[in-house]
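So the structure is just underneath, and the comments pick up after that.
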Amino acid sequence: MPTSPAQRAANRRRTLTGWMFILPFTLVFLVFLVAPLLYAFYNSLFTKGLATGTVFAPLDNYIKAFTDPSFLGGVAFVVGFSLVLIPVQMIISLAIALVLDAVTTRFARFARLMIFLPYAIPAVIGAIMWGFLYSPTFGPLGQLFGLVGLKAPFLLDASHVFGGLMNIVTWQWAGYYMIIIYAALQGIDPTLYEAARIDGANARQIALRIKLPLVTNALLLILVFALIGTLQFFTEPSVLRTISNGGITQDFTPNLYAYFTAFSYAQFNYASALSFALGVVVFVCVYIFLFLTRKRGSFLS
Amino acid sequence: MWFDKNVGYLANLQDLFTYDGSIYLHWIGNSALYAVAGGVGSTIVSILAGYGFAKFAFRGRNLMFSLLLGAVMVPLTALVIPTFILASDAGLTNTIWAVILPSLLNPFGVYLMRVYIGDAVPDELLDAARVDGAGELRTFLQVALPLMRPAIVTVLLLSMVATWNNYFLPLVMLSDKTLYPVTVGIGVWQGLASGNNGGGHSLWSLIVMGSLISVVPLVIAFLTLQRYWRGGLSIGSLK
Numbered sequence: 001m002p003t004s005p006a007q008r009a010a011n012r013r014r015t016l017t018g019w020m021f022i023l024p025f026t027l028v029f030l031v032f033l034v035a036p037l038l039y040a041f042y043n044s045l046f047t048k049g050l051a052t053g054t055v056f057a058p059l060d061n062y063i064k065a066f067t068d069p070s071f072l073g074g075v076a077f078v079v080g081f082s083l084v085l086i087p088v089q090m091i092i093s094l095a096i097a098l099v100l101d102a103v104t105t106r107f108a109r110f111a112r113l114m115i116f117l118p119y120a121i122p123a124v125i126g127a128i129m130w131g132f133l134y135s136p137t138f139g140p141l142g143q144l145f146g147l148v149g150l151k152a153p154f155l156l157d158a159s160h161v162f163g164g165l166m167n168i169v170t171w172q173w174a175g176y177y178m179i180i181i182y183a184a185l186q187g188i189d190p191t192l193y194e195a196a197r198i199d200g201a202n203a204r205q206i207a208l209r210i211k212l213p214l215v216t217n218a219l220l221l222i223l224v225f226a227l228i229g230t231l232q233f234f235t236e237p238s239v240l241r242t243i244s245n246g247g248i249t250q251d252f253t254p255n256l257y258a259y260f261t262a263f264s265y266a267q268f269n270y271a272s273a274l275s276f277a278l279g280v281v282v283f284v285c286v287y288i289f290l291f292l293t294r295k296r297g298s299f300l301s
Numbered sequence: 001m002w003f004d005k006n007v008g009y010l011a012n013l014q015d016l017f018t019y020d021g022s023i024y025l026h027w028i029g030n031s032a033l034y035a036v037a038g039g040v041g042s043t044i045v046s047i048l049a050g051y052g053f054a055k056f057a058f059r060g061r062n063l064m065f066s067l068l069l070g071a072v073m074v075p076l077t078a079l080v081i082p083t084f085i086l087a088s089d090a091g092l093t094n095t096i097w098a099v100i101l102p103s104l105l106n107p108f109g110v111y112l113m114r115v116y117i118g119d120a121v122p123d124e125l126l127d128a129a130r131v132d133g134a135g136e137l138r139t140f141l142q143v144a145l146p147l148m149r150p151a152i153v154t155v156l157l158l159s160m161v162a163t164w165n166n167y168f169l170p171l172v173m174l175s176d177k178t179l180y181p182v183t184v185g186i187g188v189w190q191g192l193a194s195g196n197n198g199g200g201h202s203l204w205s206l207i208v209m210g211s212l213i214s215v216v217p218l219v220i221a222f223l224t225l226q227r228y229w230r231g232g233l234s235i236g237s238l239k
């Protein structure tokens, strides 16, 4: 399409103004996302040894990472943890949101707020509080079991730590997810329910056939956040490690392993490779997931 | 029972505020500084970028927006160690900037602002302002900005919470304990206390008290700003 000089000047001006507005973000993006990733990638191509010094060995760190039982074990844990945690979390937050959407008493408003509140508590603090509650010496669990003469299970030891951590993470995040679903439910046009009722639908059918399909986008958004969050699991295991009696090891999750590799063993090149590998694994997992569930009008399109 | 030990709350509180040269108050102050600076900074960046993406069909926009969506999917903690290595080579570690500057990166905030502005700020209104002779900056500040308020409050609150709650980044970046935010400070106390089980007893009461107090500011912020964030949280999911 031929354009007049005036139109071209207007286009140029629009491009310039547009870039001016996104310039600060572009700078932050380049300096704090692209640069660290590239630098980590660059660092990960070298190996450092006491005898050999720093040597350029492009694949060594990655071969080491993907054959390192510590890294693979951590990845297996976070993947397994996501597979159990995310469905449980989604079902709980969806169920609560549906109930709170249908009930509009003063108590429901209060409950909504209380269920949401753990989100405002820093993960470190939440983990420490749960550490107290789980503690066999001064936790309520020990006393409860003590009443009937039993020894309470320690929820952070090797055989219970999966459930113990799942409880903490669900407590922390289910309320936030519930609020997102709730907000989406509140956005649905109520005349739809009226029409369904006239057609003879009961409350359960309205919830499952009308409300659920209309909040799919909210559910997808939550799923993606939960997936990204769980795969990079760090704060809770790092805080609870010292009191877990060995239930949480230094290589419990990939992020924890990268942290100890860098700061306890000063292997920065290998830690760079671990971080980069973790970033790529998460990115690819989430991308595949979004690609499989994509539809018009949602996040990726 | 575990909760009815005879606890002298006031004595504990005083202990908390004076222990180790009032270090706890330093930590709360640092957390507030990081949360406000990081939160306000990243919100401004998000507003500008969201407006740019939503309202200007400029060359390169689609490419930049795809990069932005890609950035949402990069796990931010995977960036912590690389950012530390970079900052350490630049001599920035162990300063407040090492915590504040990386907090400015908030791709999801940009995404939320872009979606909201696309819906809530009509092109016709902006064109009318331009026809009336307002420059781009004035159109943005006086016409568009007031319409974005719910999204701004939501993004601000979410990014302040994220910075206040952040643990991994400051843990890695800071070694001077007077620069710690409260999350790292209490985490360090907890590590010390569980390291020597018997001798650490007085530290446990500080940890409990310190944890409770550190939760108060955010709880108050959420309760008082309810009206704004409840609507704002649906922005990303309604479309």
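Protein chains in written order, with UniProt numbering: chain Y, 1 to 301; chain X, 1 to 239. We put the beta carbon where it would ideally sit given N, CA and C, even for glycine. This one's a predicted model, so the numbers in the text were calculated from it and none came from an experiment.
Among the options, nearest to residue i - alpha-carbon criterion
{"i": "Q190(X)", "options": "Y193(Y), W130(Y) and L165(Y)", "result": "W130(Y)"}
{"i": "L72(X)", "options": "T54(Y), L33(Y), I96(Y) and F46(Y)", "result": "Note that residue 72(X) is Val in the sequence shown, not Leu. That would be L33(Y), whose Cα lies nearest to the Cα of V72(X)."}
{"i": "A95(Y)", "options": "R241(Y), Y134(Y), G247(Y) and L208(Y)", "result": "L208(Y)"}
{"i": "Y259(Y)", "options": "L171(X), V188(X), S205(X) and A35(X)", "result": "L171(X)"}
{"i": "I86(Y)", "options": "L72(Y), T104(Y) and L223(Y)", "result": "L223(Y)"}
{"i": "L86(X)", "options": "F21(Y), Y193(Y) and L30(Y)", "result": "L30(Y)"}
{"i": "Y180(X)", "options": "L79(X), P102(X) and W27(X)", "result": "W27(X)"}
{"i": "V99(X)", "options": "A37(X), I117(X) and T139(X)", "result": "A37(X)"}
{"i": "I121(Y)", "options": "Y167(X), Y116(X), R138(X) and I152(X)", "result": "Y167(X)"}
{"i": "T43(X)", "options": "L104(X), V131(X) and D132(X)", "result": "L104(X)"}
Integer Cβ distance of residue i from residue j, believed to fall under 8 angstroms
{"i": "A221(X)", "j": "L157(X)", "result": "7 angstroms"}
{"i": "T17(Y)", "j": "E124(X)", "result": "No, T17(Y) and E124(X) are not in contact; Cβ-Cβ is about 18 angstroms, not under 8 angstroms."}
{"i": "N94(X)", "j": "M173(X)", "result": "7 angstroms"}
{"i": "F49(Y)", "j": "P118(Y)", "result": "Rather than Phe, the amino acid found at residue 49(Y) in this sequence is Gly. About 46 angstroms; that fails the 8 angstroms criterion."}
{"i": "A97(Y)", "j": "L185(Y)", "result": "6 angstroms"}
{"i": "N30(X)", "j": "A123(Y)", "result": "Rounded, the Cβ-Cβ distance is 18 angstroms, inconsistent with contact."}
{"i": "I186(X)", "j": "S211(X)", "result": "6 angstroms"}
{"i": "V79(Y)", "j": "T253(Y)", "result": "Their Cβ separation, rounded to whole angstroms, is 11 angstroms, which puts V79(Y) and T253(Y) out of contact at 8 angstroms."}
Burial state of residue i (16 or more Cβ within 10 Å)
{"i": "residue 317(Y)", "result": "Nothing in the structure corresponds to residue 317(Y), since chain Y is present only between 1 and 301."}
{"i": "V84(Y)", "result": "exposed"}
{"i": "P107(X)", "result": "buried"}
{"i": "Q144(Y)", "result": "As written in the sequence, residue 144(Y) is Leu, which differs from the Gln given in the question. Answer is exposed; the Cβ neighbour count stays below 16."}
{"i": "M114(Y)", "result": "exposed"}
{"i": "E236(Y)", "result": "buried"}
{"i": "R13(Y)", "result": "exposed"}
{"i": "Q172(Y)", "result": "buried"}
{"i": "S66(X)", "result": "exposed"}
{"i": "N202(Y)", "result": "exposed"}
{"i": "K151(Y)", "result": "exposed"}
{"i": "P122(X)", "result": "exposed"}
{"i": "F233(Y)", "result": "buried"}
{"i": "V55(Y)", "result": "exposed"}
Proximal residues to residue i (C-beta, below 6 angstroms), its chain only, five neighbours per side dropped
{"i": "L212(Y)", "result": "none"}
{"i": "A120(X)", "result": "L147"}
{"i": "A49(X)", "result": "V110"}
{"i": "T104(Y)", "result": "none"}
{"i": "S244(Y)", "result": "L156"}
DSSP three-state assignment for residue i, whether helix, strand or coil
{"i": "K151(Y)", "result": "coil"}
{"i": "G191(X)", "result": "helix"}
{"i": "F46(Y)", "result": "strand"}
{"i": "F56(X)", "result": "coil"}
{"i": "F56(Y)", "result": "strand"}
{"i": "L105(X)", "result": "coil"}
{"i": "P87(Y)", "result": "helix"}
{"i": "P176(X)", "result": "According to the sequence shown, residue 176(X) is Asp rather than Pro. Looking at D176(X) - three-state DSSP - the assignment turns out to be coil, as it is neither helix nor strand."}
{"i": "Y167(X)", "result": "coil"}
{"i": "I243(Y)", "result": "helix"}
{"i": "N94(X)", "result": "coil"}
Cβ-based neighbour list, residue i, same chain, cut-off 7 angstroms, excluding 5 preceding and 5 following
{"i": "L76(X)", "result": "none"}
{"i": "I288(Y)", "result": "none"}
{"i": "G163(Y)", "result": "L155"}
{"i": "R61(X)", "result": "F53"}
Neighbourhood of residue i by C-beta, 8 angstroms cutoff - its chain only, sequence neighbours within 5 removed
{"i": "S238(Y)", "result": "L256 and Y259"}
{"i": "G200(X)", "result": "At G200(X) the pLDDT is 49, less than 50, meaning the model places this residue with poor confidence; the figure from the coordinates comes in the next sentence. Once the five neighbours on either side are set aside, the close Cβ partners of G200(X) are L192, A193 and S194."}
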